[in-house]
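Peer 1: Take this structure first; my questions come after.
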Amino acid sequence: MPDAKDDFKVETWNSKPAKGSAGKTGLWRTFRPVINHEKCTRCEICVLFCPEPCIELDQEDKSHKKGKIIIDYDYCKGCGICANECPQHCIDMIKETEFLKDEEKEDK
Ligand code: SF4
Ligand code: SF4
């Protein structure tokens, strides 16, 4: 007779950002999280804490043996929770206006 524990399966999954009634929440972001990939250990704490959730580990990326953490900026609302929770302190919250300055320079 099979042991009851053999039938017990635990399934976990991460929900993915999707187009909803709130639209692309990244449109109203004022701070952008930027990861220092050199310091990142791929612990995925940020993935767990992101409320959207719009951070994931891209295991296909070959720049590191564990892959690369990527942020979907279409849905990142800039709350900063990932930066607060990162044990390596390798996520900086940068004002969006800083990126606008860079884009303006590129247009010239
Ligand atoms: S919490 Fe920090 S160190 Fe961990 S995966 Fe995210 S960015 Fe990398
Ligand atoms: S700033 Fe907030 S919404 Fe954006 S990636 Fe970090 S935790 Fe997620």
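This note's numbering applies: residue 1342 is where the sequence shown begins, and numbers increase by one. Heads up, the beta-carbon is just placed ideally off N, CA and C, and yes, glycines get one too. Model, not experiment: these values are computed from the prediction.
1. Taking just the CA atoms, how far does CYS1423 sit from THR1371?
2. Closer than 8 Å: is that where the CB of CYS1381 sits relative to any heavy atom of ligand 2?
3. Quick check on DSSP: helix, strand or coil for ASP1443?
4. Please report the Cβ distance between GLU1397 and VAL1388, rounded to the nearest whole angstrom; I am assuming they are in contact, meaning their Cβ atoms lie under 8 Å.
5. So does GLU1388 have its beta carbon nearer than 8 Å to some heavy atom of ligand 1?
6. Any heavy atom of ligand 2 within a distance shorter than 8 Å of the CB on PRO1428?
7. Which of the three DSSP states is assigned to GLU1437 in this structure?
8. Whose CA, out of GLU1444, ILE1410, LYS1436, lies closest to the CA of CYS1381?
9. For CYS1417, collect the residues of the same chain with a Cβ closer than 7 Å to its Cβ; drop the 5 residues on either side in sequence, then sort them by chain order.
10. Just the Cα atoms here: how many angstroms apart are LYS1442 and LYS1436?
11. Since ASP1415 and GLY1408 are thought to touch, with beta carbons under 8 Å apart, how far apart are those beta carbons, to the nearest angstrom?
Peer 2: Result, derived from the coordinates:
1. As a working mapping, residue 1371 is identified with position 30 in the sequence shown. As a working mapping, residue 1423 is identified with position 82 in the sequence shown. Each residue's Cα considered, the two are about 15 Å apart.
2. Here residue 1381 corresponds to residue number 40 of the sequence shown, with the count starting at 1. Flag unset: Cβ of CYS1381 not near ligand 2.
3. For this step, residue 1443 is matched to residue 102 along the sequence shown. Three-state result, ASP1443: helix.
4. Counted from its first residue, the sequence shown places residue 1397 at position 56. Counted from its first residue, the sequence shown places residue 1388 at position 47. Right, their Cβ atoms sit about 6 Å apart.
5. The residue labelled residue 1388 in the question sits at position 47 within the sequence shown. Residue identity differs from the one stated: residue 1388 is Val in this sequence, not Glu. Within the cutoff, so yes.
6. By one-based count along the sequence shown, residue 1428 stands at place 87. PRO1428 Cβ: outside cutoff for every heavy atom of ligand 2.
7. Residue numbering aside, residue 1437 sits at position 96 when the sequence shown is read from its first letter. Residue state, collapsed to three classes: helix.
8. Counting from one through the sequence shown, the residue named residue 1381 turns up at place 40. Among GLU1444, ILE1410, LYS1436, the Cα nearest to that of CYS1381 belongs to ILE1410.
9. Counted from its first residue, the sequence shown places residue 1417 at position 76. Result list for CYS1417: GLY1367, ARG1370, PRO1374, GLU1393, CYS1395, in chain order.
10. Residue 1442 sits at position 101 when you count from the first residue of the sequence shown. Residue 1436 sits at position 95 when you count from the first residue of the sequence shown. Roughly 11 Å between the two C-alpha positions.
11. Residue numbering aside, residue 1415 sits at position 74 when the sequence shown is read from its first letter. Residue numbering aside, residue 1408 sits at position 67 when the sequence shown is read from its first letter. Contact doesn't hold; Cβ gap of about 20 Å is too wide.
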